[in-house]
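*Asks:* One structure follows; several queries about it will come next.
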Amino acid sequence: MWLWIALGVVGAAALWAVWTFNRLVRLRNRVEEGWAQIDVQLRRRYDLIPNLVETVKGYAAHERELFEEVARARARAIEAGSVPDQADAENEITRGVRRLLAVVEAYPELKASESFLALQEELTATESKIAYARQFYNEQVMRLNTLIGSFPASLIARAFGFTPREFFRIEDPERGPARVGLAD
Amino acid sequence: MYEQIAANKRRTALLMLGAVVFLGLVGYAIGQLTGGGPTGLVLALAVAIAMSLGSYYAGDRIVLASVRAREVTPEEEPRLHNVVEGLAIAAGIPKPRVYVVPERAPNAFATGRDPEHASIAVTRGLLETMNRVELEGVIAHEMAHVLDRDILVGTVVATLVGAAVLLSELFMRAWWWGGLGRRRGDERGGGPVELVLFALGLLMLILAPIVGQIIKLAVSRNREFLADAQGALLTRYPPGLASALRKIARASGIPMRSANNATAHLWLAQPSRVEGERMGLLERLFSTHPPIEERIRRLEEM
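If you read the protein sequences in the order shown, they are chains C and E. Every letter in the first sequence is one number past the one before it in my numbering, and letter 92, counting from 1, is 92. Whatever position you read off the second sequence (first residue = 1), add 184 for my numbering.
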């Protein structure tokens, strides 16, 4: 009798452990997925920036300092290793892009040109995709970290080496860069 | 959200089962009345099962074709594609396919059976009247329907109801032409078959309002509020959808040519076939949407 009860308890515990482990793996995969998506979008922006700089250069060559600053931020972002470093560099790029677009305001014929409008659509879209990818990533990180941090799941997490992940933080507290300056 | 998904899958299974049982009974009755024996039952069951499978696997294509939606490329509609891709990223699902419906009334819907097989369609009018933020609000609402599997129930309902309407018209016509034949002095087609066809046609006609009720039960008005809220969670910006809904309300006088009762519940806002503000009696019977002002109010309170 007691043997059966003991076996039942052990069996239930084992089932729970497997279930929790699978949940942890699933969440970790979602986090990786989220990070991969951020990466894809950031790369797209790296590709767009030289285009933007070239386009603006044709009209406002005297903004040399700004061009160099943006190029430096881009190079730094491409080489960034950790999540916070990356976030820092990206913030700088966002600032630079915004200033570039502010410069464009002074040149109506550039602003109205077909090629600039297409470029602006791509930039706006990429900015908002970065924001959305970041939102998804942070959501998954929060869920993973919560699970890892809460007892009894924390036992499984520790045993199999699941560690909390870092959030991808951005400067603007609300609605990221996509809303400001770039919208429409 | 997970309860929502489970409930929607359950509803879909029930609907399909209901269709099979109903048609099976009808087939059985025909078989008995015409003396065909079990043939009627077998035939009706085959039709019902084909209808259910068809609505599950091809429902999205049928619905899209019925409103003459056309798939567009990212080159044709860069802004729309970008917005859809962005919100798919936010929702963590593959990017749905993107369609445009040639209608002037601003509206949108999503269809498909799961996030891996989903399509989002918007009208030309929506693309022309909405700015980026409003478009994001609308697409986020549709993305919420995709996430919740509302699209599964909605699509299956649309195709099953569409098939029922088609069948009833078929029966009525068969009866009509059969009757005409007899009046010309032809003896064929008289008797029980004709009677059954007439009875069936009549039955379907009487059933129409009941079917309307079934649609309302299957796709509760609450799911629109839910999708509004979930959409706002994706964009983190409720005023976007609120402003889009306000524009849609203002344009409610523009009729939609391809609107019909079988697909009305899929749209973001109740489509109207007639010009002006008033709703037809049938349209009111089939009305599946909460009043747009109430939706705007709730979005503003978020």
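Beta carbons: idealized from backbone N, C-alpha and C, even for Gly.
1) Near tyrosine 421/E, which residues of its chain fall below 8 Å by C-beta distance, leaving aside the five closest residues on each side in sequence?
2) When you check each C-beta in the stretch 257-284 of chain E against every C-beta of chain C, which residues fall closer than 8 Å?
3) Rounded to the nearest angstrom, what separates glycine 211/E and glutamate 484/E at their Cα positions?
4) When the Cα of glutamate 90/C is compared with those of Gly8/C, Asp39/C and Ile5/C, which residue comes out closest?
5) What are the residues that DSSP puts in a beta bridge with tryptophan 35/C?
6) Compute the Euclidean distance between the alpha carbons of glycine 176/C and glutamine 135/C, then round it to the nearest angstrom.
7) Establish whether the CB of lysine 129/C and some CB of chain E are separated by less than 9 Å.
8) Report the residue from Leu310/E, Tyr240/E and Arg357/E whose alpha carbon sits nearest the alpha carbon of isoleucine 438/E.
9) Give the residues of chain E in contact with glutamate 121/C, contact being defined as C-beta atoms less than 8 Å apart.
10) Would you call the CB atoms of arginine 308/E and arginine 288/E closer than 9 Å?
11) Histidine 473/E by DSSP, collapsed to three states: which one?
12) By how many angstroms is the C-alpha of glutamate 127/C removed from the C-alpha of alanine 73/C?
13) Let me make sure I understand the geometry here. Which of Val267/E, Asn291/E and Gly224/E has the alpha-carbon closest to that of alanine 253/E?
14) Can you check which of these residues, Pro286/E, Pro258/E, Pro299/E and Asn266/E, is closest to proline 280/E by C-alpha distance?
15) Just to confirm, is the Cβ distance from glutamine 120/C to valine 31/C under 9 Å?
16) Please classify alanine 203/E as buried or exposed, where buried requires at least 16 neighbouring CB atoms within 10 angstroms.
17) How should histidine 329/E be labelled, buried or exposed, when 16 other C-beta atoms within 10 angstroms of its C-beta is the threshold for buried?
18) Straight-line CA distance for leucine 229/E to tryptophan 16/C?
19) Using 10 angstroms around the beta-carbon of tryptophan 19/C, count the other beta-carbons present and answer buried if the total reaches 16, otherwise exposed.
20) Starting from the Cα of leucine 100/C, find the closest Cα among Arg45/C, Val10/C, Arg43/C and Leu66/C and give me that residue.
21) The alpha helix (DSSP H) that contains alanine 232/E, what's its start and end?
22) Given this structure, state the Cα-to-Cα distance separating leucine 351/E from asparagine 51/C, to the nearest angstrom.
23) Going along the chain, which residues of the stretch 82-105 of chain C sit with their C-beta nearer than 9 Å to a C-beta in chain E?
24) Taking the beta strand (DSSP E) that phenylalanine 293/E belongs to, which residues open and close that run?
25) What are the boundary residues of the alpha helix (DSSP H) that includes valine 284/E?
26) How would you write the range of the beta strand (DSSP E) that valine 162/E sits in, first residue to last?
27) Taking only beta-carbon positions, decide if tyrosine 132/C is within less than 9 Å of chain E.
28) Considering just the uninterrupted stretch of the alpha helix (DSSP H) at glutamine 454/E, what are its terminal residues?
29) Note down, in chain order, all residues in the stretch 144-173 of chain C with a beta-carbon under 8 Å from any beta-carbon belonging to chain E.
30) By the criterion of Cβ-Cβ separation under 9 Å, what are the contact partners of alanine 112/C in chain E?
31) If distances are taken between C-alpha atoms only, which option among Arg194/E, Leu225/E, Tyr186/E and Gly215/E comes closest to valine 205/E?
32) Using a Cβ-Cβ cutoff of less than 6 Å, which residues in the same chain neighbour phenylalanine 293/E once the five nearest sequence positions on both sides are dropped?
33) My guess is that glycine 296/E and aspartate 244/E are in contact by the Cβ rule of under 8 Å, so how many angstroms apart are they, rounded?
34) DSSP puts glutamate 255/E in a beta bridge; with which residues?
*Replies:* Inspection of the coordinates gives the following:
1) Excluding sequence neighbours, tyrosine 421/E sits near Val317, Glu320 and Gly321.
2) Cβ contacts with chain C: Pro262, Arg263, Asn266, Val267, Glu269, Gly270, Leu271, Ile273, Ala274, Ala275 and Gly276.
3) Approximately 52 Å between the Cα atoms of the pair.
4) Of Gly8/C, Asp39/C and Ile5/C, the residue nearest in Cα terms is Asp39/C.
5) Residue pairing from DSSP leaves tryptophan 35/C without any beta-bridge partner.
6) Low confidence applies to glycine 176/C: its pLDDT is 44, below 50, so where it sits in the model is not reliable enough to give any reading.
7) Interface criterion met: the Cβ of lysine 129/C is under 9 Å from a Cβ in chain E.
8) With distances taken between Cα atoms, isoleucine 438/E lies closest to Leu310/E.
9) The contacting residues are Pro262, Arg263 and Asn266.
10) Taking 9 Å as the Cβ cut-off, arginine 308/E and arginine 288/E qualify as a contacting pair.
11) It is coil, neither helix nor strand.
12) Rounded to whole angstroms, alanine 73/C to glutamate 127/C spans 16 Å at the Cα level.
13) Here the closest residue by C-alpha is Asn291/E.
14) Nearest C-alpha to proline 280/E: Pro299/E.
15) Cβ atoms of glutamine 120/C and valine 31/C: not closer than 9 Å.
16) Of the residues assessed, alanine 203/E falls on the buried side of the cut-off, its CB having 16 or more other CB atoms within 10 angstroms.
17) Residue burial is scored here from C-beta neighbours: histidine 329/E has at least 16 other C-beta atoms within 10 angstroms and is therefore classed as buried.
18) If you take the alpha carbons of leucine 229/E and tryptophan 16/C, they lie about 44 Å apart.
19) Under this definition tryptophan 19/C is an exposed residue.
20) Closest by alpha carbon: Leu66/C.
21) Here the alpha helix (DSSP H) through alanine 232/E covers 223-241.
22) Approximately 58 Å, taken between the alpha carbons.
23) Taking 9 Å as the Cβ-Cβ cut-off against chain E, none of the residues of the stretch 82-105 of chain C qualify.
24) Here the beta strand (DSSP E) through phenylalanine 293/E covers 292-298.
25) Note, valine 284/E: premise wrong, no alpha helix (DSSP H); beta strand (DSSP E) at 281-285.
26) What is shown of chain E runs 185 to 486, which leaves residue 162/E out entirely.
27) Cβ-Cβ to chain E under 9 Å: yes for tyrosine 132/C.
28) Bounds of any alpha helix (DSSP H) do not take in glutamine 454/E, whose DSSP letter is neither H nor E.
29) Of all residues in the stretch 144-173 of chain C, none has a C-beta nearer than 8 Å to a C-beta of chain E.
30) Those do not exist, as alanine 112/C stays about 17 Å from chain E at its closest Cβ, beyond 9 Å.
31) Selected option, being the one with the closest Cα: Leu225/E.
32) Cβ within range, chain order: Ala305, Leu450 and Trp451.
33) That belief holds up - the Cβ atoms of glycine 296/E and aspartate 244/E are roughly 5 Å apart, short of 8 Å.
34) Beta-bridge pairing links glutamate 255/E to Tyr283/E.
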